[in-house]
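Colleague:
Chains as they are written, first to last, in this note's numbering: chain A, 1 to 638; chain B, 1001 to 1322.
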């Protein structure tokens, strides 16, 4: 381990560590720091007010409060840390074994833990104290037993969810034994929740120590402890309220520091954590300052349903600002299917979400451009100007959206029927019976075999294909002018995907011109089958636009060409030599980081055709004739 | 010559219980699967979700314990091997996972992720271990300096390369590749497929390549096994399978995959309905409920694999179709 790493590590846990160290130091150096003997009485000066000799005053027996506080830290901290550590060690091991091996060890761990949990803490404490007599050791023992179940439970639960991770399986596949898997692969990944549990335990141990000592079950007077100090101060609360304040304050500060330390320690040991909440807000403020709205140019042509112009969307993260959508302009005409195709991170989904006003909040912001929608009643509405209630009227009624995983967009605790009825009634004044009937008709329409039964089922009771059908039924409930389909078949099997694509095509055929579709996908096969026109996106920009036949036949952007070439195609194997291995064409390199500043064409680093000019200026999206656009300086050579 | 891997009547049933007092049932994840893989041969295993293809891959490596059946690797019984034998076996059979995010321990540096293989088997330590890891990284197309990084600092395709490096660290003779490119973008998918094909050739690896994507399978496999609902529907040399599928399910699967050529597909077989319940599969042929060619006899017996050509077998009783 390098020293640079250690320094960075220390800096990240910074002041909480310093605070805890300070408190520990005070406890260790108590004999040097305390100005007086903590148990020496001075009855003449009982309840003496603070003075130079006794900065915090004196208690009911005239003992120095500061000294008792300093010595009390020793007792409170050692009891708390010791019991939390013992409980953690036993609890973690029990949880690991029970969770990983299952069977008898699982049963044993869980039942023993349950039995301990059944005991009221006070009862257990009383029991042990009567058997062993009060004192610090007894107290530590009682607290350890009390806290074991917490650690065992947390560890057990985390192990259950972690042990089926592929990296655990990978370690097993390498031939690792159980001990290596448990302590090398599983434990480091569940250390976060365990640390949180530890900090909570230390805190509650200190409080419980105080509580038990206060009841006379813990530390025996006159030995100083914070709990005993509170107990003593309660008696003279009315004459000297400050006596109560000091031990309480010490308790609060200590617990707070320990919580902070555990939290920052958890973050520091996780290599993935980076950036801070503060970074996020700074970046967000910067983005809000960027907003500039230019009025859209010209009127919207009558056949156009959606006109997007210069759309700019930013996603704020703690470490930077992602240019998710970067100056995107396109139109969707009536009855047309426009496919937006691109790889992950190309901004295709973000474009759809920006149009719907459904960007993740508060991270996602539209900072420029215009999105105009032709509504059913013939108005042109600027969607970026609308507030949330106005947008809600547009969603579903004018524009509907379906997603990749319908399970995430259907509410799992409501029946399918209830959700569709709700969607209908949100926009239509319809009584329940009428809405029910309409919902049933819609489900039948999308090819659900037993619509009446489907209405009464919960989303998880349907298969993936049926859920997507139900989702489509819901989207169609108010006959929207535009349907935004965001990877609607990506999570489905090919045979089911074929069914859903066929359904979408049939729905559009039924009422030609009534519904336009914006189809967001990464699958070029689906594009070829569904689209009239294609927009290819890369790094938040449209790099090419053309009708579907042209773009597949003759791409005018190197990225489009690379993408088309890298799709494995059926070889019509009969005429190829099976023994000769074919190589797939690929695009070298990876997608650029959109949070970084870039000069020149975003694709240039991966492009075989890139010139110096490509790396200098951002190439514009130019009209290359026949309604096609390309963002390549060398489009004519392709 | 005996095959490298022999799988014989592999069965994996999972007990399930619906509700608190519901009857105990079994999910027949894999229901009597047999196949062999020769030295240096790449066998594709294709099927949709619920076909049991992943379970087969895990059971072959004994990452899950099968209910019954036999797996022999280089003549050695895998399923009855004691821990020491199994550990030795695992040096020669490895796995590449689907999820490039889930398959690398996020708390470990690349050096330790790959080097762990050497620690476990006591092969190399210190600077020798570092050299070997560097060599492996170069082999999969990553700079050796990247070994000090954590997995989250890499893109999906690069992580998959790391996963591959880990799998070949122990010089295995056989690799299960479980959907190794499904989570990757098309442009990256090609890079990883080419890498796998290159390594396969250079190292003479045998491979069980599991995927739901027929076009990907075609690129890498010598032979293809088609699974549906825990059973094998068809086994054939790639060329034969793609040019002339002999099972209705294979035919439907081939026809359902969208092709990146506008207007390419004129006729398409769209299968009706959903996958049947896995706790209560149809009698006889499991595919008959969705099969366009199904006849009454299909419900009677589980169709055995019958030979229809060189190395070509199909589990369909109808000889008059396809």
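A virtual CB, placed ideally from N, CA and C, is assigned to each residue, including glycine.
For the pair the stretch 323-336 of chain A and the stretch 298-308 of chain A, tell me if three or more CB-CB distances fall below 8 angstroms.
Modeller: Yes: the two stretches touch, three or more of their Cβ pairs being nearer than 8 angstroms.
Colleague: Alpha carbon to alpha carbon, how far is residue 139 of chain A from residue 1103 of chain B? Give it in angstroms, no decimals.
Modeller: The alpha-carbon atoms of residue 1103 of chain B and residue 139 of chain A are separated by roughly 45 angstroms.
Colleague: Mind checking the stretch 1247-1261 of chain B against chain A and listing, in chain order, the residues whose C-beta falls within less than 7 angstroms of any C-beta there?
Modeller: Cβ contacts with chain A: 1252, 1253, 1256, 1257, 1258, 1259, 1260, 1261.
Colleague: From residue 617 of chain A to residue 311 of chain A, what distance separates their C-alpha atoms?
Modeller: Near 20 angstroms, if we compare the C-alpha coordinates of residue 311 of chain A and residue 617 of chain A.
Colleague: Could you give the distance in angstroms between the alpha-carbon of residue 1106 of chain B and the alpha-carbon of residue 112 of chain A?
Modeller: Spanning the two alpha carbons is a distance of roughly 33 angstroms.
Colleague: So, with DSSP's three-state summary, where would you put residue 1125 of chain B?
Modeller: Reduced to three states, the DSSP call for residue 1125 of chain B is coil.
Colleague: Mind checking residue 440 of chain A: buried by the 16 CB within 10 Å criterion, or exposed?
Modeller: Looking at its Cβ environment, which holds 16 or more other Cβ atoms inside 10 Å, residue 440 of chain A is buried.
Colleague: Taking 7 angstroms as the cut-off, is the CB of residue 1035 of chain B close to at least one heavy atom of the ligand COA?
Modeller: Ligands are entirely absent from the displayed structure, and the ligand COA is therefore not among its contents.
Colleague: Name the residue from B:1131, B:1237, B:1182, B:1011 whose alpha carbon lies nearest to the alpha carbon of residue 1213 of chain B.
Modeller: Measuring from the Cα of residue 1213 of chain B, the nearest candidate turns out to be B:1182.
Colleague: Closer than 7 angstroms between beta carbons: that is the criterion. Which residues of the stretch 260-279 of chain A meet it against chain B?
Modeller: Within the stretch 260-279 of chain A, the qualifying residues are 271, 272.
Colleague: Reducing DSSP to helix, strand and coil, say where residue 1324 of chain B ends up.
Modeller: Any property of residue 1324 of chain B remains undetermined from this structure, which presents chain B solely from 1001 to 1322.
Colleague: Looking only at its own chain, which residues have a Cβ that is under 6 angstroms from the Cβ of residue 222 of chain A, when we skip the five neighbours before and after it?
Modeller: Within the same chain, residue 222 of chain A has close Cβ partners 39.
Colleague: What span of residues does the alpha helix (DSSP H) with residue 131 of chain A cover, start to end?
Modeller: Element bounds for residue 131 of chain A: 121-132.
Colleague: Note down, in chain order, every chain B residue with its Cβ under 7 angstroms from the Cβ of residue 583 of chain A.
Modeller: Simply 1194.
Colleague: Please check if any C-beta of chain B sits within less than 8 angstroms of the C-beta of residue 569 of chain A.
Modeller: True, the Cβ-Cβ gap to chain B drops below 8 angstroms.
Colleague: Against chain B, with Cβ distances strictly below 8 angstroms, would residue 522 of chain A count as a contact?
Modeller: Yes, residue 522 of chain A lies at the interface with chain B (some Cβ there is under 8 angstroms from its Cβ).
Colleague: Would you identify the three-state DSSP class for residue 481 of chain A, choosing helix, strand or coil?
Modeller: It is coil, neither helix nor strand.
Colleague: Is it buried or exposed for residue 1080 of chain B, if we count other Cβ within 10 angstroms and need 16 for buried?
Modeller: Exposed: under 16 other Cβ atoms inside 10 Å.
Colleague: Please tell me whether residue 159 of chain A and residue 194 of chain A are closer than 8 angstroms, where the distance is taken between their beta carbons.
Modeller: Against a cut-off of 8 angstroms, the Cβ pair of residue 194 of chain A and residue 159 of chain A comes out as no contact.
Colleague: Can you name the residues that DSSP bridges to residue 1313 of chain B?
Modeller: According to DSSP, residue 1313 of chain B bridges with B:1235, B:1307.
Colleague: Quick one: which residues of the stretch 172-193 of chain A get their C-beta closer than 9 angstroms to a C-beta of chain B? List them in chain order.
Modeller: Per Cβ criterion, the list reads 172, 173, 174, 175, 176, 177, 180, 184, 185, 188, 189, 191.
Colleague: Given that a residue counts as buried once 16 or more other Cβ atoms are within 10 Å of its Cβ, and exposed if not, what is residue 183 of chain A?
Modeller: Flag for residue 183 of chain A reads exposed.
Colleague: What residues in its chain sit with their C-beta under 7 angstroms from that of residue 1152 of chain B, if we drop five residues either side in the sequence?
Modeller: If we look at residue 1152 of chain B and ignore the five residues flanking it on each side, its Cβ neighbours are 1106.
Colleague: When you compare the CB positions of residue 77 of chain A and residue 24 of chain A, do they come within less than 8 angstroms of one another, or not?
Modeller: Yes, these two residues count as a Cβ contact at 8 angstroms.
Colleague: What runs of the beta strand (DSSP E), each 3 residues or longer, lie entirely inside the stretch 1154-1202 of chain B?
Modeller: Taking only runs of at least 3 residues, the beta strand (DSSP E) segments lying wholly in the stretch 1154-1202 of chain B are 1174-1178.
Colleague: How should residue 406 of chain A be labelled, buried or exposed, when 16 other C-beta atoms within 10 angstroms of its C-beta is the threshold for buried?
Modeller: Buried: at least 16 other Cβ atoms inside 10 Å.
Colleague: When we look at the beta-carbon of residue 89 of chain A and count the other beta-carbons within 10 Å, is it buried (16 or more) or exposed?
Modeller: Exposed, because fewer than 16 other Cβ atoms sit within 10 Å of the Cβ of residue 89 of chain A.
Colleague: Among the candidates A:156, A:544, A:398, A:451, whose CA atom is the shortest distance from the CA of residue 420 of chain A?
Modeller: Ranking the options by Cα distance to residue 420 of chain A, first place goes to A:451.
Colleague: At the level of alpha carbons, what is the spacing between residue 143 of chain A and residue 220 of chain A?
Modeller: Roughly 16 angstroms between the two C-alpha positions.
Colleague: Counting only beta-carbon separations shorter than 8 angstroms, does residue 4 of chain A have a partner in chain B?
Modeller: Legend: pLDDT at residue 4 of chain A = 44, less than 50; position of this residue unreliable, value from coordinates given subsequently. For residue 4 of chain A, the answer is no, since every Cβ of chain B falls outside 8 angstroms of its Cβ.
Colleague: Compare the beta carbon distance of residue 228 of chain A and residue 237 of chain A with 8 angstroms and say whether it is the shorter of the two.
Modeller: Contact: no.
Colleague: Is it buried or exposed, residue 21 of chain A, if we count other Cβ atoms within 10 angstroms and call 16 or more buried?
Modeller: Exposed.
Colleague: Check whether the stretch 1201-1216 of chain B touches the stretch 1166-1185 of chain B, counting contact only when three or more Cβ pairs, one atom from each stretch, lie closer than 8 angstroms.
Modeller: Yes, the stretch 1201-1216 of chain B touches the stretch 1166-1185 of chain B.
Colleague: Just grab the DSSP bridge partners of residue 545 of chain A for me.
Modeller: DSSP output for residue 545 of chain A lists A:535, A:629 as bridge partner(s).
Colleague: Any chance you could list the alpha helix (DSSP H) runs of at least 4 consecutive residues sitting entirely within the stretch 137-215 of chain A, in chain order?
Modeller: Qualifying alpha helix (DSSP H) stretches, in chain order: 166-173, 187-214.
Colleague: If contacts are defined as beta-carbon pairs under 8 angstroms, then residue 641 of chain A and residue 226 of chain A qualify, I think. What distance do you get, rounded to the angstrom?
Modeller: No answer is possible for residue 641 of chain A: it lies beyond the span of chain A, which begins at 1 and ends at 638.
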